[in-house]
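Undergrad: Once you've had a glance at the structure underneath, I'll fire off some questions.
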Amino acid sequence: MKLITVKIWPLLALLLYSCYPVAAQQKIMADTIPARYAADTVTLSHPNGPFLVKFKTTPKAAALQQYGLMQSITRQHYILQQLPADSLIVYCYRASQAYKASAMLLAQVEKAGPQDSMMMQIRCTISGGHLPYASVQRYTAQYSTAVVKVKKQDWPAFISQPAISFADIIRHPSTEIIINTSNLTANRINIAQQQFPLIRGQRVSVSVKEDLFDTTDIDLLGRYLSSSYTSSQNSSHALIMATLIGGAGNSGDKGLGVAPEVKLSSADFNSSLLPDDNNYYTQGNITVQNHSYGTAIENYYGTEAVAYDQQIHEADTIVHVYSSGNIGTQASTSGRYQGLANYANLSGNFKQAKNVIVAGGTDDALNMMALSSRGPAYDGRIKPDITAYGQDGTSGAAALTSGVVALLQDAWRQQYNTPLSSALVKAVIINSAQRAAGLLPAYDRGYGNLHALAALQTIRDHRVLQGEAGNQKESTFQITVPAGIQELKVTLCWNDPPAAVNAPQALINDLDLTAVTADRRTWQPWVLSSYPLADSLALPAKRGRDSINNTEQISILQPASGIMQLTVKGTRIPSGTQPFYLAYEFTPVKTFQWQNPAPERILGAGQTLPLQWQTTYSGNSDISYSTDSGRTWLPIAQQVPVQQGLYNWQVPELFSKVWLKLTLTDTSFVSAPCYISPTLTIHTGFNCTDSVLLYWNTQPNAAGYQLYTLGNEQLMPYSQTRDTFAFISKSAVKSLYFAVSPIATTGWTGMRSYALNYSQQGVGCYIENLLADKTTDNKVLLSLTLGSDYHLKKFYWERLSARGWLLLGEQSTGTVLNFNYLDNSVTEGLQRYRVKLETTDGQFIYSDPVTVEMLINNNILLFPNPAAAQLYILDKETRSRKMVITDMSGRIVLQRNLEDTQEIVPLQQLANGIYNCSIYLDNKRIFSRQFVKQP
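Sequence positions in the sequence shown follow mature numbering (1 follows the signal peptide of the UniProt record, and there is no 0) and run -23 to -1, 1 to 912.
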């Protein structure tokens, strides 16, 4: 042993000596890495690592493992335990302990002044709540994580402590959606809901980790789980996420989520990005948590990544779903993939965790969105895991995925009455994900597009297996492959134990999947090149042994029928055993299925509908529709590539049952019947103390109408009527929300209207609005709009005088709801007006008073009021003026110059509501009136 030591020391000394002169020759000013990561000197008294090494060319992963990789700084800079040969490197230094900090924190340290202090999050072991060189602000013992305050002058000593394993900045999350565009068809959620009507998430609780959503929203009513972990602030983003996950659809079709009966909880993401306390999940029976937020690109296995892997590994039944991020075109500034645009740009180190599900974003045709962040993970693993619809941000993709996870958990509990392992959920989600013909796993799309129907079918058909792997032990399974299969797919997943924080490679337990088909051919999983060059990362997947992912997938085109043997080997399991799960599916040759519209679905007349199908056929097809049970067919499109699987159809303006047909050269496929229906618009006629009148537009050929009211959680049928109005007694119905749908002569019910809160429509007891305007000849024009004339006999125009309310005139109600009266006997000053309504049973109802100021010098008239398509402005004089229209918040919505005595102002671009019109002459306001814009 003594002889070996004598021989090794001179060799190390020679390596260090040869390394140092090379470094001394470099122009260090052009390379800031040594200043950040190198120790002050390299001496023979420190022959052991860690070393900071810069390679001449980017080394391969296997070589880095051979040198004892500790940290990837850039594509050429690494922290190693052993020295490579001098011919491979530009320089080497003995590394300082700075590699234990993130690049973002080191940049913050460098910018800090000598007397400054810095807040940071660290992974550490603390005894007695004390840590040298730091002030501990918060310590989370479960994840050995603390928030501390450190002085700049104490930084070198602080980071050098063995108790500190990693340090990072305090980061603040950002949500990852631009606008809300709900779409339940792209990922086959709509047909999954139709074919699995009893799977609605009612046995599942989902947490939305961000700000609090509106718990009183009618689409979430009655299903909110309160907790002390909830944020103190609300956000519209949180409401969108909660609605996508579990909206009941009460407000309308855009309010329907994936799992309409889940319980919903909220957890604050502002104070910490670590997993919430275990009590939060257990007390609320929470098994899914949605994370639609991100930070910057963080290509390292940080504190949060470790913590989420730890929690999932220990709990086994909690699924964490993340959005991949909205920075898909950016490049990382550090790590092995530094400088590579369009790759390795996941937004947050928590998305580098192994056991979470990360969802990228697509458009409605399942094309990848450029903004969607993509992999690989920092160590070359495949991320995102899957993609889902997220055209305006990957937040929505994560929310849809969380909703589908809830459906799977609900289905499993209904079928087996046991909790579902999160690793099995992941295996089913990934294995059922769909890819276009010829596509393989890739760093932009992961394993494919989320497919809710196929995932639920996997659970229903129990196409899952489970086992437990020991080190160098094999588990075998046999499945029967039917004849006539186009593609077989098998996915292996396991919840891997957490690696050490900042580990160069995250995988701890390495399992390997192989398949042997009946023709004795052996198949390995798909693997991707992780070499950090764009052309290498873009290479198609090939078959091989996977040693970095805890997900492996084998797909086989036209496999041999018969018994197939699957083998899972525990290639490297340092301790204990590793539970694992398999999911598999078969796609038959010559298969076709209509997937949108789903059977019995109601299609919106005049709207664009994505027709969707899934097939193994090829060639071009013609698409047509029928409204008479297939006796005649009307064309929709011709020569549509059948492999496209999608065609956007402008649905005709009909109220009818309808069938669809896709025709190939030698066969055709007719859909199950569905329905086309216009959407009615419901209005408030009057809102009196004891009753409400609701009315809606007539639907030609309708046999009647179904009225709905809001129950404890969902809209429920209230009554049917042949009329286009309904009189509601407030004592009989407490709900404020109502909707209506037409009923066909054959009994089916059409599209339901958007739900109306009758108390928020600006309609009082009959009176919708009363306006008073001064005319150019110094008279007052009164304008009255009624919500309804139901049970109304007549009304009276009145003006307030010194003797009380003076009767000006009276009018009987008839077929119109808009009335005008011109008051000719007006005096100077403030004039007050009202109307008095008389009902058929002799009761009187009074409007609120309206006022008008009579200033004789202002000779401008605005009419009609209310106005629909256009507004007229009359001026007695010809002069250049400026007109400004503002909404009730003061925001300018329209402005233009006026030159003529009579001007016509188009109003089509304005939403319905009350506006103020002001006219300026030489920058001085000479006229101001309110008017109502109505349909």
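No residue lacks a Cβ here, since even glycine has one placed at the ideal position from N, Cα and C.
Here the structure is a predicted model, which means the values were calculated and not measured.
1) To which residues of the same chain is residue 903 closer than 8 Å at the C-beta, ignoring the five residues directly before and after it?
2) DSSP state of residue 359, grouped into three classes?
3) For the candidate residues 766, 842, 536, whose alpha-carbon lies nearest to that of residue 816?
4) Please determine if the segment 392 to 407 and the segment 476 to 493 are in contact, where contact requires at least 3 C-beta pairs separated by less than 8 Å.
5) First and last residue of the alpha helix (DSSP H) that includes residue 11?
6) I need the straight-line Cα distance from residue 469 to residue 721, nearest angstrom please.
7) Could you tell me which uninterrupted beta strand (DSSP E) segments, each at least 3 residues in length, are contained entirely in the segment 656 to 708, listed from first to last along the chain?
8) Whether or not the segment 373 to 392 and the segment 513 to 527 are in contact is what I'm after, with contact meaning three or more pairs of Cβ atoms, one per stretch, closer than 8 Å; do they touch?
9) Which residues in the same chain as residue 541 place their Cβ atom closer than 8 Å to its Cβ, once the five residues preceding and following it in sequence are excluded?
10) CA-CA distance, residue 439 and residue 549?
11) What residue range is occupied by the uninterrupted alpha helix (DSSP H) comprising residue 286?
12) Does residue 575 pass the burial test, meaning 16 or more other C-beta atoms within 10 Å, or should it be called exposed?
13) Within a Cβ cutoff of 8 Å, which residues of the same chain sit near residue 415, ignoring the five residues on either side of it in sequence?
14) Between which two residues does the beta strand (DSSP E) carrying residue 529 extend?
15) Using the Cα positions of residue 428 and residue 410, report the straight-line distance between them to the nearest angstrom.
16) Can you tell me whether residue 780 is buried or exposed, with buried defined as 16 or more other CB within 10 angstroms of its CB?
17) Under the three-state reduction of DSSP, which class applies to residue 451: helix, strand or coil?
18) Where in the segment 35 to 59 do unbroken runs of the alpha helix (DSSP H), each at least 4 residues long, occur, reported from the N-terminal end onward?
19) If you drop the 5 nearest sequence neighbours on each side, which residues of the same chain put their C-beta closer than 6 Å to that of residue 286?
20) Go ahead and pull the three-state DSSP assignment for residue 797.
21) Taking C-beta to C-beta, are residue 585 and residue 628 nearer than 9 Å?
22) Give me the residue from 560, 424, 299 with the minimum Cα distance to residue 518.
23) On the CB-based measure, 16 or more other CB atoms within 10 Å of its CB, does residue 881 come out buried or exposed?
24) Kindly list the residues whose CB is nearer than 8 Å to the CB of residue 912, restricted to its own chain and excluding five residues on each side of it in sequence; keep chain order.
25) Drop a sphere of 10 angstroms on the beta-carbon of residue 62, count the other beta-carbons inside from all chains shown, and report buried for 16 or more, exposed for fewer.
26) Go ahead and pull the three-state DSSP assignment for residue 339.
27) Does residue 883 come out as helix, strand or coil in the three-state DSSP assignment?
28) Spell out the partners DSSP gives residue 729 in its beta bridges.
29) Going by CA-CA distance only, name the one from 148, 70, 245, 755 that's closest to residue 271.
30) Looking at the structure shown, is residue 137 part of a helix, part of a strand, or coil, going by DSSP?
31) Going along the chain, which residues of its own chain have a beta-carbon closer than 8 Å to the beta-carbon of residue 353, five neighbours each way excluded?
32) Considering only residues of the same chain and omitting the five flanking positions on each side of residue 22, which have a CB-CB separation below 8 Å?
33) Ignoring anything shorter than 4 residues or poking outside the segment 401 to 440, list the alpha helix (DSSP H) runs there in chain order.
34) Closest to residue 594 by CA distance: which of 566, 579, 612, 573 is it?
35) Hey, residue 190 and residue 241: beta-carbon distance below 9 Å or not?
36) Please list, in chain order, all residues of the same chain as residue 134 whose beta carbon is under 7 Å from its beta carbon, the five residues on each side excluded.
TA: Taking the geometry as given:
1) Numbered from its first residue, the sequence shown carries residue 903 at position 926. If we look at residue 903 and ignore the five residues flanking it on each side, its Cβ neighbours are 835, 837, 858, 896, 897.
2) To locate residue 359, count along the sequence shown from 1; it is residue 382. Coil, per DSSP.
3) One-based indexing of the sequence shown puts residue 816 at position 839. If we check each option's Cα against that of residue 816, 766 comes out closest.
4) no
5) On the sequence shown, residue 11 is found 34 positions in, with the first residue counted as 1. Note, residue 11: alpha helix (DSSP H), 10 to 14.
6) Within the sequence shown, the letter at position 492 stands for residue 469. Within the sequence shown, the letter at position 744 stands for residue 721. Each residue's Cα considered, the two are about 50 Å apart.
7) 659 to 664, 668 to 673, 679 to 687, 692 to 698, 702 to 706
8) no
9) Counting from one through the sequence shown, the residue named residue 541 turns up at place 564. Hits under 8 Å: 455, 456, 457, 458, 465, 492, 493, 494, 495.
10) Sequence index remark: in the sequence shown, residue 439 carries index 462 (1-based). Sequence index remark: in the sequence shown, residue 549 carries index 572 (1-based). Taking the straight line from one Cα to the other gives about 29 Å.
11) Taking the sequence shown and counting its residues from 1, the one referred to as residue 286 is at position 309. That run of the alpha helix (DSSP H) goes 280 to 292.
12) In the sequence shown, residue 575 corresponds to position 598, counting from 1. Flag for residue 575 reads buried.
13) Residue mapping note: residue 415 aligns to position 438 of the sequence shown, counting from 1. Excluding sequence neighbours, residue 415 sits near nothing in its chain.
14) Numbered from its first residue, the sequence shown carries residue 529 at position 552. Residues 528 to 534.
15) Residue 428 sits at position 451 when you count from the first residue of the sequence shown. Residue 410 sits at position 433 when you count from the first residue of the sequence shown. One C-alpha to the other measures close to 5 Å.
16) As a position in the sequence shown, residue 780 is number 803, starting the count at 1. Exposed, by the Cβ-count rule.
17) As a first step, residue 451 must be located in the sequence shown, where it is residue number 474. The answer is strand: DSSP assigns residue 451 an E or B state.
18) 38 to 43
19) To locate residue 286, count along the sequence shown from 1; it is residue 309. Counting only Cβ-Cβ distances below 6 Å, and skipping sequence neighbours, we find 330, 331, 332, 475.
20) As a working note, residue 797 is residue 820 in the sequence shown. Residue 797: strand per DSSP, three-state reduction.
21) Locating residue 585 in the sequence shown gives position 608, counting from the first residue. Locating residue 628 in the sequence shown gives position 651, counting from the first residue. For residue 585 and residue 628, yes; Cβs fall inside 9 Å.
22) The residue labelled residue 518 in the question sits at position 541 within the sequence shown. When each option's Cα is compared against that of residue 518, the closest is 424.
23) Locating residue 881 in the sequence shown gives position 904, counting from the first residue. Under this definition residue 881 is an exposed residue.
24) As a first step, residue 912 is located in the sequence shown; it is residue number 935 there, counting from the start. Closer than 8 Å at Cβ, skipping near neighbours: 845, 889.
25) Walking along the sequence shown from the start, residue 62 turns up at place 85. Exposed: under 16 other Cβ atoms inside 10 Å.
26) Here the question's residue 339 lines up with position 362 in the sequence shown. DSSP places residue 339 in strand when its eight states are reduced to three.
27) The sequence position of residue 883 within the sequence shown is 906, counting from 1. Of the three classes helix, strand and coil, the one that applies to residue 883 here is strand, per DSSP.
28) Here the question's residue 729 lines up with position 752 in the sequence shown. BP columns for residue 729 are empty, so no partner.
29) Counted from its first residue, the sequence shown places residue 271 at position 294. Minimum Cα distance to residue 271 is reached at 148.
30) Position 160 of the sequence shown, counted from the start, is the residue given in the question as residue 137. It is coil, neither helix nor strand.
31) Numbered from its first residue, the sequence shown carries residue 353 at position 376. These residues qualify, in order along the chain: 314, 320, 321, 359, 360, 420, 505, 507, 514.
32) By 1-based counting over the sequence shown, the position of residue 22 is 45. A caution first: residue 22 carries a pLDDT of 42, below 50, which makes its placement in the model unreliable, though a value can still be read off. Answer for residue 22: no residue qualifies.
33) 429 to 437
34) For the purposes of this step, residue 594 is taken as the residue at position 617 of the sequence shown. Ranking the options by Cα distance to residue 594, first place goes to 566.
35) Locating residue 190 in the sequence shown gives position 213, where the first residue counts as 1. Locating residue 241 in the sequence shown gives position 264, where the first residue counts as 1. Going by C-beta atoms, residue 190 is nearer than 9 Å to residue 241.
36) The residue labelled residue 134 in the question sits at position 157 within the sequence shown. 110.
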